[in-house]
Every structure is written in structure tokens, then in C-alpha cells.
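A.B. asks: To start, I am sharing the structure in question, which I have written as C-alpha cells.
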Amino acid sequence: MPMNRDRYPSNWSEIATAIKEKACWRCQRCQRQCYRPGEKPKDLTRSEWTTLTLSVHHSNRDPADNRAENLIPLCTPCHLASHAGRRGNITPGQLSFDLEF
Numbered sequence: 387m388p389m390n391r392d393r394y395p396s397n398w399s400e401i402a403t404a405i406k407e408k409a410c411w412r413c414q415r416c417q418r419q420c421y422r423p424g425e426k427p428k429d430l431t432r433s434e435w436t437t438l439t440l441s442v443h444h445s446n447r448d449p450a451d452n453r454a455e456n457l458i459p460l461c462t463p464c465h466l467a468s469h470a471g472r473r474g475n476i477t478p479g480q481l482s483f484d485l486e487f
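Each residue of the sequence shown is one higher than the one before, counting from 387 in our numbering.
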């Protein structure tokens, strides 16, 4: 998912990875098991592996607030749902999810 990196600390990748590791790479909303880096099977479609990608959401929607209690690991569908209705710290079109049926 593209994001405006200017709004995040320079060590965001390390922070996000630590949060994901602590959650054992499982979405904290739906409990879906997500893939770790380098673990993606080659036979998955883009939609399938995107669905199983874990990201870290700022509960208070402030990317400058990186306290552990403000960060929650979410799979792509749950992360998108948390931003539904233009709530949050994203610009329109920043997050998108393509489903293939």
C-alpha cells in the first residue's frame, strides 16, 4: 500500500516489523494469519497475497504517535475497513484493494 513516508519516522519499518512479530503475523481484528516477508507462495494471485499482507494501523490515526498501544497489526481488508468513509490519516486514493473473482 502506498503511503506518504514524510508523515512517518525514519525507523517506521523497524517499528512496524516489531509490532507484526509481537502479533505472530496475525491480524488483530479478524485473526487471519498473514505472510512474513519472503514467505509468499509463487502461485498466489496479487489479490490473494495482498489480502494476506499485514500492515500496522495507528488507532488514533496519527502517524507521529508510534506508542505500542496505538499500533495494531491488520490484514489489508481490515486495514481498509478501518479507513472506510474517509476516516483517518490517508488521502483519497492512498489505500486501494483490487479483488479478483
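Idealized CB from N, CA, C, for every residue including glycine.
#1: Beta carbon of T437, beta carbon of T462: below 8 Å?
#2: With a Cβ-Cβ cutoff of 8 Å, do N456 and P395 count as a contact?
#3: Unbroken beta strand (DSSP E) runs of length 3 or more, entirely within the stretch 400-451: which are they?
#4: Under DSSP, the beta strand (DSSP E) around P395 begins and ends at which residues?
#5: Measure the C-alpha to C-alpha separation of L481 and S441 and round it to an integer number of angstroms.
C.D. replies: Taking the coordinates as given:
#1: yes
#2: no
#3: 440-444
#4: Per DSSP, P395 belongs to no beta strand (DSSP E) and is neither H nor E.
#5: Because the pLDDT at L481 is just 47, under 50, the model does not fix this residue reliably, and the point stays unresolved.
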